[in-house]
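Novice: This is the structure I have questions about; it appears just below.
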């Protein structure tokens, strides 16, 4: 499971980003390919149920759809790693 924070252009939800937990890193790979090659922008991904739901009913499966052409940046967090952001900030690229 990977936790994503997706920053989206023209998203009027008060924050400008979406938090979602997906089963694998396919969204990250597709976004990288979209930036490199302009692959098909509309994709769907499998959503995972959050861990430790403490007995509350939650949806065990579902899909998440996004248009990659509207994505500005993606931050990911695996439960056992540090955050990664794509595309990298200009400040990080400086020596």
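Residue numbers (my numbering): 42 to 136. Note that CB positions come from ideal geometry on N, CA and C, so glycine has one too.
1) Under 6 angstroms Cβ to Cβ from residue 42, same chain only, skipping five residues before and after it: list those, please.
2) Please confirm whether residue 85 and residue 116 have their CB atoms less than 7 angstroms apart.
3) Just verifying my parser: in three-state terms, what is the DSSP assignment at residue 65?
4) Which value, in whole angstroms, describes the spacing of the CA atoms of residue 66 and residue 107?
5) Mark residue 80 as exposed unless 16 or more other C-beta atoms lie within 10 angstroms of its C-beta, in which case mark it buried.
Specialist: Considering the structure as presented:
1) 62, 89.
2) Going by C-beta atoms, residue 85 is not nearer than 7 angstroms to residue 116.
3) In the structure shown, residue 65 sits in coil (DSSP, three-state: anything other than H, G, I, E or B).
4) Between residue 66 and residue 107, the C-alpha separation is close to 14 angstroms.
5) It is exposed - the Cβ of residue 80 has fewer than 16 other Cβ atoms within 10 Å.
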